[in-house]
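To start, the structure under review is shown below, and the notes come after it.
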Amino acid sequence: MPLMAFEIRPLPGVIGAEVLGFDIGRDGADESARRRLQEAWTDRVVLAFRGMEIDEAGFMRLAGLFGENVPQPVQRPEYRVEGFPFIRLLSSRHRDTLGDNKPLNVGGTWHTDHSHLPRPPRGTVLRAIRLPGEGGDTSFTNQRAAYDALDEAARREVDPLVGHHVYNSRYAPRRMAAMTPEETREAPSARHPLVRPHPVSGRKALYFNPIRIERFDGMDAPASQALMDRLVAHCEQDRFVYRHRWRAGDVLIWDNAQALHMVRHDYDPAQERIMHRTLVG
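When you number the sequence shown by this note's numbering, it's gap-free, plus one each residue, and the end is 293.
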């Protein structure tokens with residue numbers, strides 16, 4: 013067997029790498045393979061595994077190479093995958109069953125996953141199950157590179173700030189799914205620094221979430237939202253962004269500590285888009 017049975021190919025720019033030829037049965041138990049993947053993940057922020065012919069068990073095994081399972085917040089019957097409690101089914105046809113029963117705009121604006129938790133999941137792993145004929149791409153920003161590109165005045169402004177994150181910010185650019193009264197009572201909130209050192213590399217990255225942040229400490233809500241608008245405009249520049257065009261067999265993992273992401277709802281709504289998602293700590 014060759015020493016490097018699979019290839020990690022960095023994509024152009026500052027974000028993203030393709031993983032080609034990875035076999036979970038052959039490579040999944042190889043400690044050197046796991047280290048290579050984790051180092052590439054930390055460096056490139058998003059890894060795109062191509063041509064993965066795996067089932068739910070294989071999906072969970074792949075995710076386990078990057079960290080421990082993290083429970084899915086607000087797990088409803090329509091989100092469940094039988095026999096796999098750590099997998100959430102994401103469908104473009106899901107509706108706000110506890111609210112107005114309208115289709116949900118799942119993931120359709122820039123965000124990072126579950127920042128309202130005191131310990132947000134570091135990684136999100138997403139597997140394509142059913143794809144529309146065109147569209148439905150997922151875009152990512154490199155928040156580390158975006159921070160590095162700030163001038164000194166901007167860094168002095170953002171470095172000391174702390175964001176107050178809640179499940180459903182009053183200022184979110186899209187509506188979140190309604191919750192039961194019990195879920196609302198139990199929904200956590202958290203305070204996170206706007207600029208955080210990475211848990212592995214120690215490199216600083218911008219950490220904010222337009223759908224979760226109510227305000228920054230020491231700032232009122234309008235000033236906080238104005239700052240977030242400026243930060244989004246900075247981070248979504250093409251030089252910091254990777255847009256993933258999904259293919260059958262794709263599995264993606266991204267680093268929530270260093271990325272914002274969003275799905276593009278630019279496909280025919282008559283064509284269902286289904287993904288399986290799991291979270292790792």
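All C-beta atoms in this analysis are idealised placements derived from N, C-alpha and C, irrespective of residue type, glycine included.
Nothing here was measured: the structure is a model prediction, and the numbers come from that model.
Whole-Å CB distance - residue i paired with residue j, under 8 Å assumed
| i | j | result |
| --- | --- | --- |
| residue 131 | residue 293 | 7 Å |
| residue 158 | residue 247 | 4 Å |
| residue 230 | residue 204 | That pair is no contact at about 15 Å. |
One or two residues paired with residue i in a DSSP bridge
| i | result |
| --- | --- |
| residue 180 | According to DSSP, residue 180 bridges with nothing at all. |
| residue 252 | Note: residue 252 sits in no beta bridge, so no partner. |
| residue 225 | 177 |
| residue 61 | 31, 263 |
| residue 286 | 103, 142 |
Cβ-heavy atom distance, residue i to the ligand GDP, below 7 Å
| i | result |
| --- | --- |
| residue 283 | Among the components of this structure there are no ligands whatsoever, and the ligand GDP is therefore not found. |
Cβ-based burial, residue i [other Cβ within 10 Å; buried from 16]
| i | result |
| --- | --- |
| residue 155 | buried |
| residue 133 | buried |
| residue 201 | exposed |
| residue 14 | Because residue 14 sits at a pLDDT of 47, beneath the cut-off of 50, its placement in the model cannot be relied upon, and the following sentence gives the value as read from the coordinates. By the 10 Å Cβ count, residue 14 comes out exposed. |
| residue 44 | exposed |
| residue 87 | exposed |
| residue 32 | exposed |
| residue 145 | exposed |
| residue 249 | exposed |
| residue 124 | buried |
| residue 119 | buried |
| residue 281 | exposed |
Three-state secondary structure (DSSP) of residue i
| i | result |
| --- | --- |
| residue 18 | coil |
| residue 274 | strand |
| residue 36 | helix |
| residue 13 | Any reading at residue 13 must be qualified, since the residue scores a pLDDT of 39, below 50, and its modelled position is unreliable; the value itself is stated next. Looking at residue 13 - three-state DSSP - the assignment turns out to be coil, as it is neither helix nor strand. |
| residue 26 | coil |
| residue 217 | strand |
| residue 196 | helix |
| residue 76 | helix |
| residue 202 | strand |
| residue 135 | strand |
| residue 246 | helix |
| residue 239 | helix |
| residue 127 | coil |
Reference residue i, options the options, closest by Cα
| i | options | result |
| --- | --- | --- |
| residue 30 | 259, 252, 274, 289 | 259 |
| residue 149 | 67, 26, 24, 264 | 264 |
| residue 235 | 204, 170, 36 | 170 |
| residue 290 | 273, 279, 266, 283 | 266 |
| residue 227 | 83, 182, 274, 100 | 182 |
| residue 54 | 163, 210, 172 | 210 |
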